[in-house]
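Numbering (the UniProt record's numbering), first residue to last: 1 to 388. Have a look at the structure below before the remarks.
Structure below.
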């Protein structure tokens, strides 16, 4: 099933990374670049009065994490090679670039290399400077059950983006390091993500290697080209696929009911994030978003309070997407703050939404497909279609 088709303009991942970090800085005039250590950070003298927030990981996930450096989001991002953690020296350089006496929060995806290198760098930095550092580990994957994930835990996926946004805005609100970490961990505990793909992605300069038959797909894929936890053949309809994905996040399977406070109508706000893993068209992503919103309404009586969609944490040109749900219990005072922090404006170029809290509060009710069909019949004027 292999072919020699090469689907990248840059034949070398290291070359692509060197140009990419320069490109991110070119796109945002307030960012600075440590070229040698591949650290992108904010030029922000006010940082000394608040907690700083850092994240990072391997290249290939753009716009994560460099695209999320901006006010009320990340202060710095450290870029490793394609699908490889940055080393401890790079991470320590990032910490020094955003040093703040109020401390630094590091947002880390749950992968062995990331945890090892970010932990080592934070310890070295703390010993040499005395600046307090806390790590929060994002592990939002629900595709692997508890019995199989007990050894290394759940993977960190697109929910990392929400944690970065909330942590950055919480920091900007003036919270201390412990409180920012508490907010981040509250989000992590109530969040689940599952991904699906039609095939693996293409590494820069490498020929395409297909691992999935034309009539099947992989459910439960990660962001480093690892295979899914389950293959489905034949490919289901989008409706049936979304139903199965949501059941993995919201179902009652004791192996996968990871959300600390599963959403219930009237008792929870729900944040929805649809993430393009790299190569889906905008039309598909918006169509998927509409289907997920419809299924949440029809099958679970849930209406998302916030909806985000786009390419946020990719897997190069991966032909797939992921669904992330964040459940916010209304009886917890942090939930309202989380929505405020999500709505806080940011100039980070990768964040997908500039909609205000007021606009979200006035959103129209969700219409089911049946209701939409009825509306179409009412407003139909039998006007002939005009070709473009």
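Note that the Cβ used here is the ideal one computed from N, Cα and C, for glycine as well.
Scanning 201, 281, 153 for the CA closest to the CA of residue 223 turns up 201.
Straight-line measurement puts the Cα of residue 142 at about 21 Å from the Cα of residue 235. Spanning the alpha carbons of residue 264 and residue 134 requires a straight line of approximately 32 Å. Between residue 188 and the set 326, 301, 321, the nearest pair of CA atoms involves 326.
Residue 50 has its alpha-carbon roughly 8 Å from the corresponding atom of residue 175. Taking the Cα of residue 146 as reference, the smallest distance to any Cα among 257, 34, 351 is reached at 257. Buried is the label assigned to residue 137, since at least 16 other Cβ atoms lie within 10 Å of its Cβ. Distance check between residue 221 and each of 297, 198, 206, 243 places 198 closest, using alpha-carbon atoms only. Restricting attention to 268, 99, 113, the CA atom closest to the CA of residue 131 is found in 99.
Taking C-beta atoms under 8 Å as the contact rule, residue 307 and residue 293 qualify, at a distance of about 7 Å. In the assembly as shown, residue 26 is an exposed residue. Its beta-carbon has fewer than 16 other beta-carbons within 10 Å.
Residue 215 has its alpha-carbon roughly 44 Å from the corresponding atom of residue 334. Here residue 92 is buried. Its C-beta has 16 or more other C-beta atoms within 10 Å. Taking the C-beta atoms as reference points, residue 68 is found nearer than 7 Å to residue 350. Restricted to the region 207-251, the beta strand (DSSP E) segments that are unbroken, complete and at least 3 residues in length are 217-219, 230-232, listed in chain order. Counting C-beta pairs with one atom in each stretch, the region 203-212 and the region 153-165 have fewer than three that are closer than 8 Å, which means they do not touch. By the CB criterion at 7 Å, residue 185 and residue 153 fall outside the cutoff. Taking a contact as a CB-CB distance under 8 Å, the pair residue 74 and residue 65 counts as one, their CB atoms being some 7 Å apart. With at least 16 other beta carbons inside 10 angstroms of its own, residue 80 counts as buried. The Cβ atoms of residue 205 and residue 219 do not sit closer than 7 Å to each other. The distance from the Cβ of residue 107 to that of residue 160 is about 6 Å, consistent with a contact at the 8 Å cut-off.
With a 10 Å radius around the Cβ and a threshold of 16 neighbouring Cβ atoms, residue 23 comes out exposed. When 316, 343, 299, 194 are compared, the shortest CA-CA separation from residue 63 is found for 316. Shown here for residue 37: same chain residues with a beta carbon closer than 6 Å to its own, the five before and five after excluded, namely 90, 93 in chain order. In the DSSP assignment, residue 40 falls outside any alpha helix (DSSP H) and within the unbroken beta strand (DSSP E) covering 39-42.
Residue 273: member of the beta strand (DSSP E) spanning 268-276, first to last residue.
Distance from the Cα of residue 83 is smallest, within the candidate group 114, 55, 238, 158, for 114.
In terms of CA proximity to residue 314, 278 leads the group 297, 278, 363, 289. Note: residue 75 is not bridge-paired with any residue in the DSSP secondary-structure output.
In this structure, residue 323 and residue 194 form a Cβ contact; the two beta carbons are roughly 6 Å apart against a cut-off of 8 Å. Short of 8 Å from the beta carbon of residue 300, and not among the five residues preceding or following it, lie these beta carbons of its own chain, in chain order: 246, 250, 263, 265. Under the criterion of beta carbons closer than 8 Å, residue 54 and residue 158 do not qualify as touching, at roughly 19 Å.
Annotation for residue 327: the continuous beta strand (DSSP E) segment containing it runs 320-329.
Taking 8 Å as the upper bound for CB-CB distance, residue 76 and residue 97 are in contact here, some 6 Å apart. Inclusion of residue 48 and residue 41 in the CB contact set at 7 Å is not warranted, their separation being larger than that value. Of the other Cβ atoms in all chains shown, 16 or more fall within 10 Å of the Cβ of residue 118; this residue is therefore buried.
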